[in-house]
Structure formats: C-alpha cells, structure tokens
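Numbering (our numbering), first residue to last: 615 to 895.
The following block contains the structure:
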C-alpha cells in the first residue's frame, strides 16, 4: 500500500498535501527532513459533505486550528486537480470556512478569520499589566501592553487568527532569537502561541519573523503576517483598509485589515514542487 502526495510551498513554508487520512505518528515521520519527505507539516484535504476541507498536522505532531500558507497551497492543489472549478470557493478548516481565490498570476487570495482580540478567546491570561478593559470586567484585550519577561519588559499585542499569536514590535537580533521559544511556551498562553517579531518601515511596509508554535523559526507564516498587520493597525503603526506589505524571510504577503469586525485578506504565492508516492509501511 502506498500514499500519494504532492509537495507544495508558500514562501518557503513547505507542506506535504495528501487526500487521505494520515495518523499523527505517520505525519511526523513524513515531515522528517532526514528520514522522510521533509516538510513543516502535512495538509490533509479532500471533499467532505460536498465541501473542500483542510486539516493540518505540524512536523511535531500538533494540530493547529489554521495555517495561512497551507491554506493557499491547498487552494492551489484543489484548483489544479480539478476538485474545484469555481473562481472563488470555500475551504473548511478547524477555524471555520475561508473563501479562497486562485489569481491568474498564480497567487492565491484568502479571506482569513475575523481577528479576535478578546483575551479569553485568544486565549491569553491577563492577570497582570494594564491591558484594555472596562470599568467592571476583567481585562479584555492585550494591545501594546507592557509584560515582564525574564529580566526585561516587552510591549506585546495578542491576536487570534483562528490560532493564537503574540506580536512584539522593534525587538530584533539575538534578543528575538531567545524570546521566540521562551514566549511560545509562556504559561500565560494555555495553548502555547505563535510569536511574531515585527518592524514597521513607513506606511504599508513591515518586516516580520515568526517563531511558529510546533514548528520553530519558519520562513513564512500566513496567520502570523495577518496577526502582525492587525497588531500594527490596532497600535497605530499602519492604516486600516490599506494594503500592508509584510516581508518575511521567504518572501512577501499582502495583508489588508478591514474595519472591525471584518475579515482580514491575505494574498501571496503558492507553488507545486513535486508529486510522489510513499510506502505506507
């Protein structure tokens, strides 16, 4: 018995796409870059109840609710394979349905989830710090809030894009290298967190590096780019409704953040790399 697969990448964030269920331990083995195919994750797709779907298994076996780069790859896969023939179509994920459109130039536009800033739903514990709140309730949002991390104070913004993110602006170099894994496992994030380090360069331009939950430092993170754009808008570093060019190590995504509570749009490349079969033994 063999498993048919197709290798895709979006800005260097690479995935193994399969159209059959794969157990967690098998997905881990497939992602091994020395003994398997090698990838940041496995994307399981197909049609269920008449609708396309995507399920993600990271290289460490964890299952994130959503993966923006992976969703672009699955959208391209479904389009190239003829599973979908419409110009725009929905793909169901564990974070809900997302409208996708494969553009003539090969890029894929995705309508992402409505960003969630409510701390309890990110989720993030807000037992300390002057986070946004009202007069009677617990703190509601963590936006540009000072947090003590080890022996330094960081200003953090927490956003869910269907999966949890924390964004820190203007913290780069060796400090970021150490903070990525430290914050991913910070106890204030009960489900762990994706950690984004962003620097804004004038109107509509941002550099971003992401330490991805369950993956580590990655060449690109679609939901991370969306979270960073939302954080930039919420902290006054970027304009709502205007395209934001987010430059990651693997390339550039165009993000647009609408008025609350509109969805965030993400546009970027996806590429089919090769196809193959793998022994199921």
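The C-beta atom is built at its ideal place from N, Cα and C for all residues, glycine as well.
Problem set entry | Integer-rounded CB distance, given that residue 684 should sit under 8 angstroms from residue 717 | For the purposes of this step, residue 717 is taken as the residue at position 103 of the chain shown. For the purposes of this step, residue 684 is taken as the residue at position 70 of the chain shown. The pair is not a contact, with the Cβ atoms about 18 angstroms apart (cut-off 8 angstroms).
Exercise. Beta strand (DSSP E) containing residue 877: first to last residue?
Worked result: On the chain shown, position 263 is the one that residue 877 refers to. Careful: residue 877 lies outside any beta strand (DSSP E) and carries neither H nor E.
Problem set entry | Distance between beta carbons of residue 886 and residue 692, contact taken as under 8 angstroms | What you label residue 692 is simply residue 78 of the chain shown in a count that begins at 1. What you label residue 886 is simply residue 272 of the chain shown in a count that begins at 1. At roughly 12 angstroms, the Cβ-Cβ gap does not stay under 8 angstroms, so residue 692 and residue 886 are not in contact.
Exercise. Closest to residue 839 by CA distance: which of 762, 863, 643 is it?
Worked result: Along the chain shown, read from residue 1 onward, the residue named residue 839 stands at position 225. Nearest of 762, 863, 643 to residue 839, Cα basis: 863.
Exercise. Would DSSP call residue 683 helix, strand or coil?
Worked result: Along the chain shown, read from residue 1 onward, the residue named residue 683 stands at position 69. Three-state DSSP puts residue 683 in a helix.
Exercise. Taking DSSP as the reference, what is the three-state secondary structure of residue 668?
Worked result: For the purposes of this step, residue 668 is taken as residue 54 along the chain shown, with counting starting at 1. Strand, per DSSP.
Problem set entry | 7 angstroms Cβ shell around residue 817 - same chain, five flanking residues per side excluded | Mapped onto the chain shown, residue 817 falls at position 203. In chain order, 853 place their CB closer than 7 angstroms to the CB of residue 817, counting only its own chain and leaving out the 5 sequence neighbours on each side.
For this session: Let me know if residue 634 comes out buried or exposed under the rule of 16 or more other beta-carbons within 10 Å of its beta-carbon.
Result: For this step, residue 634 is matched to residue 20 along the chain shown. It is exposed - the Cβ of residue 634 has fewer than 16 other Cβ atoms within 10 Å.
Problem set entry | Beta-bridge partners of residue 819, as assigned by DSSP | Stepping through the chain shown from its first residue, residue 819 is reached at position 205. When DSSP reads this structure, residue 819 sits in a beta bridge with 859.
Exercise. Is residue 682 buried or exposed, if buried means 16 or more other CB atoms sit within 10 Å of its CB?
Worked result: On the chain shown, residue 682 is found 68 positions in, with the first residue counted as 1. Within 10 angstroms of the beta-carbon of residue 682 lie 16 or more other beta-carbons, which makes it buried.
Exercise. Between the region 824-833 and the region 622-640, are three or more C-beta pairs nearer than 8 angstroms?
Worked result: yes
For this session: Would you check if there are 3 or more beta carbon pairs closer than 8 angstroms linking the region 795-804 to the region 856-874?
Result: Touching, no, given that fewer than three Cβ pairs across the two stretches are closer than 8 angstroms.
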